[in-house]
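Contents: one structure, followed by commentary.
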Amino acid sequence: MSIIIKPIITEKITKEGETFNRFGFVVDKRANKIQIKNAVEAAFGVNVVAVNTMNYRADRSVKYTKSGLISGKTSAYKKAVVQVQEGETIDFYTNI
1 MSIIIKPIIT
11 EKITKEGETF
21 NRFGFVVDKR
31 ANKIQIKNAV
41 EAAFGVNVVA
51 VNTMNYRADR
61 SVKYTKSGLI
71 SGKTSAYKKA
81 VVQVQEGETI
91 DFYTNI
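FYI, this note's numbering numbers position 9 of the sequence shown as 9, with every residue one higher than the one before it.
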């Protein structure tokens, strides 16, 4: 099972990476914190101090248009914020 799906590169996560050594990833929904820690350490060669995970539910929306109701939804995903040791960093632009 591939645990790390893709990195999250947003303004907030990038700022946390510069100040607190925290980096965000979209991970497999079935992965636990220990599996995420081992996958990040193996992929990027850093020592992980802490892993925080969040499950995001699928958002459903309904739009009322001239042609009728249009319903849609976004997919659910799991996000992991990984804190690495002081002095270490992950560079997404050269490693991936």
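Virtual Cβ for every residue (Gly too), placed ideally from N, Cα, C.
Distance between residue j and residue i (C-alpha atoms, nearest Å)
| i | j | result |
| --- | --- | --- |
| M54 | K79 | 5 Å |
| R60 | G68 | 17 Å |
| V84 | A76 | 26 Å |
| A43 | D91 | 12 Å |
| V40 | Y64 | 44 Å |
| I87 | T94 | Reading off the sequence, residue 87 comes out as Gly, not Ile. So the alpha carbons of these two residues sit roughly 18 Å apart. |
| I5 | E18 | 22 Å |
| V46 | T14 | 17 Å |
Integer Cβ distance of residue i from residue j, believed to fall under 8 Å
| i | j | result |
| --- | --- | --- |
| V62 | F25 | Between F25 and V62 the Cβ distance is about 31 Å, and since that is not below 8 Å, they are no contact. |
| N21 | T89 | 7 Å |
Closest Cα partner of residue i within the set the options
| i | options | result |
| --- | --- | --- |
| S2 | E11, K12, A31 and K15 | A31 |
| D28 | P7, S71 and G17 | P7 |
Own chain, CB closer than 7 Å to residue i, minus 5 neighbours either side, in chain order
| i | result |
| --- | --- |
| V51 | K33, I36, K37, A80 and V82 |
Cβ neighbours of residue i in the same chain (closer than 6 Å, five flanking residues each side left out)
| i | result |
| --- | --- |
| G97 | There is no way to answer for residue 97, as the model of the chain reaches only from 1 to 96. |
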